[in-house]
(Lines of atoms letter the chains of each structure in order from A; the text may use other names.)
(Lines give C-alpha, C1' and ligand atoms only; values in the text may rest on other atoms or scores of the structure.)
Protein backbone atom coordinates (compact mmCIF):
# COMPACT_ATOMS: atom_id res chain seq x y z
CA UNK A 372 0.00 0.00 0.00
CA UNK A 373 1.25 3.47 -0.80
CA UNK A 374 2.66 5.33 2.15
CA UNK A 375 0.96 8.52 3.14
CA UNK A 376 2.97 11.64 3.82
CA UNK A 377 2.35 13.72 6.89
CA UNK A 378 3.72 17.20 7.47
CA UNK A 379 5.57 17.86 10.71
CA UNK A 380 7.33 20.99 11.93
CA UNK A 381 11.04 21.26 11.27
CA UNK A 382 11.84 21.54 14.97
CA UNK A 383 9.82 18.43 15.86
CA UNK A 384 11.41 16.49 13.01
CA UNK A 385 14.91 17.45 14.13
CA UNK A 386 14.14 16.51 17.73
CA UNK A 387 12.84 13.12 16.62
CA UNK A 388 15.96 12.42 14.62
CA UNK A 389 18.24 13.42 17.48
CA UNK A 390 16.35 11.20 19.88
CA UNK A 391 16.75 8.32 17.46
CA UNK A 392 20.46 8.91 17.26
CA UNK A 393 20.37 9.99 13.65
CA UNK A 394 21.09 13.70 13.97
CA UNK A 395 23.53 13.36 11.11
CA UNK A 396 21.07 11.63 8.82
CA UNK A 397 21.05 12.38 5.12
CA UNK A 398 18.33 14.47 3.55
CA UNK A 399 16.71 11.30 2.18
CA UNK A 400 16.73 9.69 5.62
CA UNK A 401 15.25 12.79 7.20
CA UNK A 402 12.55 12.85 4.53
CA UNK A 403 11.70 9.19 5.17
CA UNK A 404 11.15 10.01 8.84
CA UNK A 405 8.16 12.12 7.81
CA UNK A 406 6.21 9.23 6.30
CA UNK A 407 3.52 7.01 7.82
CA UNK A 408 2.04 3.72 6.66
CA UNK A 409 -1.67 3.37 5.98
CA UNK A 410 -2.04 1.43 9.22
CA UNK A 411 -0.41 4.25 11.18
CA UNK A 412 -2.60 6.91 9.59
CA UNK A 413 -5.85 4.98 10.11
CA UNK A 414 -4.72 4.31 13.67
CA UNK A 415 -4.32 8.04 14.32
CA UNK A 416 -7.77 8.74 12.86
CA UNK A 417 -9.31 5.86 14.82
CA UNK A 418 -7.87 7.21 18.07
CA UNK A 419 -9.12 10.69 17.24
CA UNK A 420 -12.61 9.39 16.43
CA UNK A 421 -12.85 6.97 19.35
CA UNK A 422 -16.00 7.30 21.42
CA UNK A 423 -15.03 7.27 25.08
CA UNK A 424 -18.19 8.61 26.75
CA UNK A 425 -19.68 6.28 29.37
CA UNK A 426 -23.11 6.24 27.71
CA UNK A 427 -21.72 5.91 24.19
CA UNK A 428 -21.47 3.12 21.65
CA UNK A 429 -18.95 2.33 18.93
CA UNK A 430 -19.42 -0.90 17.04
CA UNK A 431 -18.69 -2.38 13.66
CA UNK A 432 -20.74 -5.52 13.29
CA UNK A 433 -22.15 -7.83 10.67
CA UNK A 434 -25.75 -8.92 10.93
CA UNK A 435 -27.34 -11.81 9.07
CA UNK A 436 -30.13 -10.25 7.02
CA UNK A 437 -32.12 -12.09 4.35
CA UNK A 438 -29.54 -14.80 3.93
CA UNK A 439 -26.34 -12.73 3.73
CA UNK A 440 -23.94 -10.97 6.12
CA UNK A 441 -24.51 -7.20 6.07
CA UNK A 442 -22.18 -4.73 7.79
CA UNK A 443 -23.18 -1.89 10.11
CA UNK A 444 -21.31 0.71 12.08
CA UNK A 445 -23.12 2.07 15.12
CA UNK A 446 -21.66 5.19 16.70
CA UNK A 447 -23.00 7.68 19.21
CA UNK A 448 -21.84 9.46 22.34
CA UNK A 449 -25.06 8.88 24.27
CA UNK A 450 -27.41 5.96 23.76
CA UNK A 451 -30.23 8.04 25.14
CA UNK A 452 -30.21 9.87 21.80
CA UNK A 453 -32.43 8.77 18.91
CA UNK A 454 -31.20 6.37 16.24
CA UNK A 455 -30.46 7.70 12.75
CA UNK A 456 -30.11 5.09 10.00
CA UNK A 457 -28.34 6.33 6.86
CA UNK A 458 -29.28 4.78 3.49
CA UNK A 459 -26.32 5.53 1.23
CA UNK A 460 -26.39 6.36 -2.45
CA UNK A 461 -25.04 4.67 -5.54
CA UNK A 462 -26.26 2.06 -5.96
CA UNK A 463 -23.28 0.63 -4.05
CA UNK A 464 -21.63 3.92 -3.02
CA UNK A 465 -21.19 3.36 0.72
CA UNK A 466 -20.79 6.28 3.11
CA UNK A 467 -19.01 4.18 5.71
CA UNK A 468 -15.45 4.76 4.40
CA UNK A 469 -15.88 8.55 4.24
CA UNK A 470 -18.24 9.09 7.17
CA UNK A 471 -15.28 9.86 9.46
CA UNK A 472 -14.82 13.15 7.61
CA UNK A 473 -18.22 14.63 8.51
CA UNK A 474 -20.29 12.45 10.85
CA UNK A 475 -18.53 12.82 14.19
CA UNK A 476 -20.57 15.92 15.25
CA UNK A 477 -23.81 14.08 14.41
CA UNK A 478 -22.90 11.54 17.06
CA UNK A 479 -23.42 14.12 19.82
CA UNK A 480 -27.12 14.18 18.95
CA UNK A 481 -27.90 10.83 17.33
CA UNK A 482 -26.79 7.22 17.47
CA UNK A 483 -25.73 7.05 13.82
CA UNK A 484 -25.96 3.77 11.91
CA UNK A 485 -24.12 3.37 8.61
CA UNK A 486 -25.14 0.32 6.63
CA UNK A 487 -23.26 -1.12 3.67
CA UNK A 488 -26.17 -2.32 1.56
CA UNK A 489 -26.35 -5.58 -0.35
CA UNK A 490 -23.69 -5.38 -3.08
CA UNK A 491 -21.82 -2.46 -1.49
CA UNK A 492 -18.42 -2.17 0.19
CA UNK A 493 -17.87 -4.45 3.17
CA UNK A 494 -21.13 -6.29 2.55
CA UNK A 495 -20.09 -7.02 -1.02
CA UNK A 496 -16.70 -8.28 0.23
CA UNK A 497 -18.36 -10.54 2.83
CA UNK A 498 -20.57 -12.50 0.42
CA UNK A 499 -20.48 -14.17 -2.97
CA UNK A 500 -22.26 -12.49 -5.86
CA UNK A 501 -24.38 -15.60 -6.31
CA UNK A 502 -25.58 -15.35 -2.72
CA UNK A 503 -26.42 -11.65 -3.03
CA UNK A 504 -28.03 -11.72 -6.48
CA UNK A 505 -31.55 -12.93 -5.55
CA UNK A 506 -32.19 -9.84 -3.43
CA UNK A 507 -30.67 -7.30 -5.83
CA UNK A 508 -33.86 -5.43 -6.61
CA UNK A 509 -35.65 -2.39 -5.21
CA UNK A 510 -38.15 -4.72 -3.56
CA UNK A 511 -35.45 -6.96 -2.11
CA UNK A 512 -33.26 -4.13 -0.85
CA UNK A 513 -36.22 -2.31 0.68
CA UNK A 514 -36.90 -5.51 2.59
CA UNK A 515 -33.22 -5.59 3.65
CA UNK A 516 -33.65 -2.03 4.94
CA UNK A 517 -36.79 -3.02 6.83
CA UNK A 518 -34.89 -5.88 8.47
CA UNK A 519 -32.12 -3.49 9.50
CA UNK A 520 -34.69 -1.14 11.05
CA UNK A 521 -36.37 -4.03 12.83
CA UNK A 522 -33.00 -5.14 14.23
CA UNK A 523 -32.26 -1.62 15.51
CA UNK A 524 -35.71 -1.14 17.03
CA UNK A 525 -35.55 -4.44 18.88
CA UNK A 526 -31.96 -4.19 20.00
CA UNK A 527 -32.24 -0.62 21.30
CA UNK A 528 -35.85 -0.89 22.46
CA UNK A 529 -37.17 1.92 20.27
CA UNK A 530 -40.62 2.34 18.84
CA UNK A 531 -39.36 4.84 16.28
CA UNK A 532 -36.10 5.91 14.66
CA UNK A 533 -35.02 8.37 11.96
CA UNK A 534 -34.13 7.25 8.45
CA UNK A 535 -32.09 9.35 6.01
CA UNK A 536 -32.06 8.42 2.33
CA UNK A 537 -29.40 10.00 0.09
CA UNK A 538 -29.60 9.75 -3.72
CA UNK A 539 -30.20 6.04 -4.55
CA UNK A 540 -30.85 5.65 -0.81
CA UNK A 541 -33.79 8.04 -1.19
CA UNK A 542 -35.48 5.43 -3.39
CA UNK A 543 -35.25 2.93 -0.55
CA UNK A 544 -36.20 5.67 1.92
CA UNK A 545 -39.46 6.46 0.14
CA UNK A 546 -40.33 2.80 -0.32
CA UNK A 547 -39.54 2.02 3.32
CA UNK A 548 -41.47 4.91 4.83
CA UNK A 549 -44.44 4.21 2.58
CA UNK A 550 -44.61 0.67 3.96
CA UNK A 551 -43.85 1.35 7.62
CA UNK A 552 -44.58 5.00 8.42
CA UNK A 553 -45.21 4.18 12.09
CA UNK A 554 -41.55 3.13 12.52
CA UNK A 555 -40.15 6.60 11.91
CA UNK A 556 -40.06 9.97 13.63
CA UNK A 557 -39.35 11.42 10.19
CA UNK A 558 -37.96 10.64 6.77
CA UNK A 559 -34.93 12.80 5.94
CA UNK A 560 -34.57 13.16 2.19
CA UNK A 561 -31.19 14.24 0.75
CA UNK A 562 -30.66 14.45 -3.01
CA UNK A 563 -34.08 12.94 -3.62
CA UNK A 564 -34.74 10.77 -6.66
CA UNK A 565 -38.21 11.67 -7.97
CA UNK A 566 -38.48 10.55 -11.60
CA UNK A 567 -35.31 9.06 -13.03
CA UNK A 568 -36.03 9.60 -16.71
CA UNK A 569 -36.92 13.25 -16.16
CA UNK A 570 -33.90 13.48 -13.89
CA UNK A 571 -31.61 12.25 -16.66
CA UNK A 572 -33.14 14.76 -19.08
CA UNK A 573 -32.49 17.62 -16.66
CA UNK A 574 -28.92 16.54 -15.93
CA UNK A 575 -28.12 16.15 -19.60
CA UNK A 576 -29.62 19.54 -20.44
CA UNK A 577 -27.60 21.17 -17.66
CA UNK A 578 -24.35 19.61 -18.88
CA UNK A 579 -25.02 20.67 -22.48
CA UNK A 580 -25.90 24.26 -21.46
CA UNK A 581 -22.72 24.58 -19.44
CA UNK A 582 -20.54 23.00 -22.12
CA UNK A 583 -21.85 25.42 -24.75
CA UNK A 584 -21.61 28.42 -22.43
CA UNK A 585 -17.95 27.60 -21.71
CA UNK A 586 -17.10 26.85 -25.33
CA UNK A 587 -16.13 23.29 -24.44
CA UNK A 588 -16.14 21.66 -27.87
CA UNK A 589 -15.02 18.26 -26.56
CA UNK A 590 -17.88 18.14 -24.07
CA UNK A 591 -20.45 19.24 -26.65
CA UNK A 592 -19.18 16.62 -29.07
CA UNK A 593 -19.41 13.81 -26.50
CA UNK A 594 -22.85 14.88 -25.31
CA UNK A 595 -24.20 15.20 -28.83
CA UNK A 596 -22.94 11.69 -29.57
CA UNK A 597 -25.39 10.20 -27.05
CA UNK A 598 -28.38 12.34 -28.14
CA UNK A 599 -31.29 12.02 -27.86
CA UNK A 600 -30.73 11.37 -24.16
CA UNK A 601 -32.22 9.56 -22.40
CA UNK A 602 -34.43 8.79 -25.40
CA UNK A 603 -37.24 6.28 -25.45
CA UNK A 604 -35.13 3.13 -25.31
CA UNK A 605 -32.89 1.73 -22.60
CA UNK A 606 -29.91 3.76 -21.45
CA UNK A 607 -26.46 2.16 -21.48
CA UNK A 608 -23.78 2.60 -18.83
CA UNK A 609 -21.56 4.25 -21.45
CA UNK A 610 -24.23 6.87 -22.13
CA UNK A 611 -24.76 7.51 -18.43
CA UNK A 612 -21.03 7.87 -17.88
CA UNK A 613 -20.85 10.64 -20.50
CA UNK A 614 -23.78 12.49 -18.97
CA UNK A 615 -22.35 12.06 -15.45
CA UNK A 616 -18.85 13.08 -16.51
CA UNK A 617 -19.86 16.51 -17.78
CA UNK A 618 -22.64 17.15 -15.27
CA UNK A 619 -20.06 16.51 -12.53
CA UNK A 620 -17.42 18.57 -14.32
CA UNK A 621 -19.67 21.63 -14.12
CA UNK A 622 -20.45 21.22 -10.43
CA UNK A 623 -23.68 19.23 -10.53
CA UNK A 624 -22.35 16.69 -8.03
CA UNK A 625 -20.24 18.92 -5.78
CA UNK A 626 -20.63 22.66 -6.37
CA UNK A 627 -17.41 24.31 -7.53
CA UNK A 628 -15.64 20.97 -8.09
CA UNK A 629 -15.03 19.04 -11.28
CA UNK A 630 -14.87 15.54 -9.81
CA UNK A 631 -15.37 13.48 -6.67
CA UNK A 632 -11.73 12.78 -5.92
CA UNK A 633 -11.73 15.08 -2.89
CA UNK A 634 -14.02 12.58 -1.14
CA UNK A 635 -12.91 9.31 -2.76
CA UNK A 636 -9.33 9.90 -1.59
CA UNK A 637 -10.53 9.77 2.02
CA UNK A 638 -11.63 6.14 1.65
CA UNK A 639 -8.01 4.99 1.91
CA UNK A 640 -7.74 6.68 5.31
CA UNK A 641 -10.87 5.14 6.81
CA UNK A 642 -10.41 3.26 10.10
CA UNK A 643 -13.52 1.23 9.20
CA UNK A 644 -12.21 -0.06 5.88
CA UNK A 645 -9.30 -2.31 5.04
CA UNK A 646 -7.47 -1.95 1.73
CA UNK A 647 -9.45 -4.92 0.39
CA UNK A 648 -12.71 -3.29 1.50
CA UNK A 649 -11.78 -0.17 -0.45
CA UNK A 650 -11.07 -2.24 -3.56
CA UNK A 651 -14.48 -3.90 -3.16
CA UNK A 652 -16.28 -0.59 -3.70
CA UNK A 653 -15.67 -0.55 -7.45
CA UNK A 654 -16.38 -4.25 -7.85
CA UNK A 655 -19.61 -3.90 -5.90
CA UNK A 656 -20.68 -0.95 -8.02
CA UNK A 657 -20.28 -2.91 -11.27
CA UNK A 658 -22.18 -5.86 -9.79
CA UNK A 659 -24.97 -3.69 -8.37
CA UNK A 660 -25.52 -1.66 -11.52
CA UNK A 661 -25.86 -4.86 -13.51
CA UNK A 662 -28.91 -5.69 -11.40
CA UNK A 663 -30.26 -2.29 -10.41
CA UNK A 664 -29.73 0.08 -13.34
CA UNK A 665 -32.88 -0.89 -15.21
CA UNK A 666 -35.14 -0.80 -12.11
CA UNK A 667 -33.61 2.52 -11.07
CA UNK A 668 -34.33 4.09 -14.45
CA UNK A 669 -37.97 3.09 -13.99
CA UNK A 670 -38.38 4.88 -10.65
CA UNK A 671 -41.23 7.38 -10.74
CA UNK A 672 -42.50 8.94 -7.51
CA UNK A 673 -44.50 11.69 -9.22
CA UNK A 674 -47.69 10.26 -7.72
CA UNK A 675 -46.15 9.03 -4.47
CA UNK A 676 -46.93 12.14 -2.48
CA UNK A 677 -48.76 11.00 0.66
CA UNK A 678 -46.59 10.16 3.67
CA UNK A 679 -47.65 8.83 7.05
CA UNK A 680 -44.61 10.30 8.83
CA UNK A 681 -43.03 13.78 8.76
CA UNK A 682 -40.69 14.60 5.87
CA UNK A 683 -37.64 16.85 6.07
CA UNK A 684 -36.07 17.44 2.67
CA UNK A 685 -32.51 18.73 2.20
CA UNK A 686 -31.80 20.01 -1.31
CA UNK A 687 -28.62 21.42 -2.80
CA UNK A 688 -29.41 24.53 -4.85
CA UNK A 689 -26.96 23.36 -7.55
CA UNK A 690 -27.82 19.65 -7.51
CA UNK A 691 -28.00 18.34 -11.04
CA UNK A 692 -27.15 14.75 -10.17
CA UNK A 693 -30.65 14.36 -8.80
CA UNK A 694 -32.47 17.40 -10.09
CA UNK A 695 -33.08 20.02 -7.41
CA UNK A 696 -35.90 21.41 -9.58
CA UNK A 697 -37.79 18.10 -9.61
CA UNK A 698 -37.21 17.63 -5.88
CA UNK A 699 -38.60 21.06 -4.99
CA UNK A 700 -41.63 20.58 -7.24
CA UNK A 701 -42.28 17.18 -5.64
CA UNK A 702 -41.99 18.65 -2.15
CA UNK A 703 -44.74 21.15 -2.94
CA UNK A 704 -47.10 18.27 -3.68
CA UNK A 705 -46.29 16.22 -0.58
CA UNK A 706 -48.93 15.55 2.04
CA UNK A 707 -47.47 14.56 5.41
CA UNK A 708 -48.10 15.16 9.12
CA UNK A 709 -45.50 17.91 8.73
CA UNK A 710 -42.92 18.76 6.12
CA UNK A 711 -39.96 21.10 5.77
CA UNK A 712 -37.72 21.97 2.83
CA UNK A 713 -34.18 23.25 3.39
CA UNK A 714 -32.28 24.51 0.32
CA UNK A 715 -28.49 24.76 0.77
CA UNK A 716 -27.23 27.70 -1.28
CA UNK A 717 -23.64 26.53 -1.81
CA UNK A 718 -24.20 22.81 -2.33
CA UNK A 719 -25.03 20.43 -5.12
CA UNK A 720 -25.62 16.72 -4.46
CA UNK A 721 -23.14 16.04 -1.64
CA UNK A 722 -24.52 18.50 0.92
CA UNK A 723 -23.12 16.77 4.01
CA UNK A 724 -19.62 17.08 2.54
CA UNK A 725 -20.06 20.49 0.95
CA UNK A 726 -21.67 22.38 3.85
CA UNK A 727 -21.17 20.07 6.85
CA UNK A 728 -21.71 22.72 9.51
CA UNK A 729 -25.00 23.92 8.07
CA UNK A 730 -26.08 20.31 7.48
CA UNK A 731 -25.49 19.60 11.18
CA UNK A 732 -27.40 22.69 12.28
CA UNK A 733 -30.45 21.61 10.30
CA UNK A 734 -30.25 18.05 11.61
CA UNK A 735 -30.33 19.48 15.14
CA UNK A 736 -32.88 22.24 14.54
CA UNK A 737 -35.24 20.60 12.05
CA UNK A 738 -34.95 16.85 12.70
CA UNK A 739 -34.00 16.20 16.33
CA UNK A 740 -37.07 17.94 17.84
CA UNK A 741 -39.33 15.13 16.60
CA UNK A 742 -37.52 12.74 18.95
CA UNK A 743 -37.11 15.29 21.74
CA UNK A 744 -40.89 15.79 21.89
CA UNK A 745 -41.22 12.05 22.48
CA UNK A 746 -38.57 12.10 25.21
CA UNK A 747 -36.15 10.13 23.04
CA UNK A 748 -33.03 12.28 23.44
CA UNK A 749 -30.25 12.86 25.94
CA UNK A 750 -30.64 15.91 28.20
CA UNK A 751 -29.33 19.15 26.78
CA UNK A 752 -26.42 21.05 28.28
CA UNK A 753 -26.89 23.05 31.46
CA UNK A 754 -26.84 26.77 30.68
CA UNK A 755 -26.54 29.68 33.07
CA UNK A 756 -26.96 33.30 32.09
CA UNK A 757 -25.46 36.19 34.05
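Numbering (the numbering used here), first residue to last: 372 to 757.
We put the CB at the ideal spot given by N, CA and C, even for glycine.
Inter-residue Cα distance where the pair is residue 594 and residue 499: 37 Å
Which word fits residue 452, buried or exposed, when buried means at least 16 other C-beta atoms lie within 10 angstroms of its C-beta? buried
Sufficient close CB pairs (3 or more, under 8 Å) joining the region 549-565 to the region 736-746: yes
Hey, is the region 463-471 in contact with the region 649-660, meaning 3+ C-beta pairs nearer than 8 Å? yes
Could you pull out every unbroken beta strand (DSSP E) segment of at least 3 residues lying fully inside the region 483-566, listed in chain order? 532-537, 555-561
What first and last residue would you give for the beta strand (DSSP E) that runs through residue 430? 428-436
Compute the Euclidean distance between the alpha carbons of residue 477 and residue 588, then round it to the nearest angstrom. 44 Å
Under the three-state DSSP convention, the category residue 583 falls into: helix
Sheet register partners of residue 617 (DSSP bridge): Note: residue 617 sits in no beta bridge, so no partner.
Report the start-end ranges of each alpha helix (DSSP H) in the region 709-751 that is 4 residues or longer and not cut off at the edges. 722-725, 727-733, 739-743
Report the CB separation of residue 565 from residue 664 in whole angstroms; it is logged as a contact under 8 Å. Contact doesn't hold; Cβ gap of about 18 Å is too wide.
With C-beta atoms as the reference, is residue 721 less than 7 Å away from residue 473? no
What three-state label does DSSP hand residue 703 in the structure shown? helix
When we look at the beta-carbon of residue 406 and count the other beta-carbons within 10 Å, is it buried (16 or more) or exposed? exposed
Classify residue 703 as buried or exposed, calling it buried when 16 or more other Cβ atoms lie within 10 Å of its own Cβ. exposed
I need the DSSP call for residue 460, collapsed to helix, strand or coil. strand
Where does residue 753 land, buried or exposed, given buried means 16+ other C-beta within 10 angstroms? exposed
Going by alpha carbons, who is nearest to residue 361 out of 552, 569, 514? What is shown of the chain runs 372 to 757, which leaves residue 361 out entirely.
Please return the same chain residues whose Cβ sits closer than 6 Å to the Cβ of residue 426, not counting the five positions on each side in sequence. 449, 450
Buried/exposed call for residue 492, threshold 16 Cβ in 10 Å: buried
Terminal residues of the alpha helix (DSSP H) in which residue 685 lies: Note, residue 685: premise wrong, no alpha helix (DSSP H); beta strand (DSSP E) at 682-687.
Considering only the alpha carbon of each residue, which of 497, 705, 439 lies closest to residue 680? 705
CA-CA distance, residue 627 and residue 604? 33 Å
Host alpha helix (DSSP H) of residue 447 (start-end): Not the alpha helix (DSSP H): residue 447 falls in the beta strand (DSSP E), residues 439-447.
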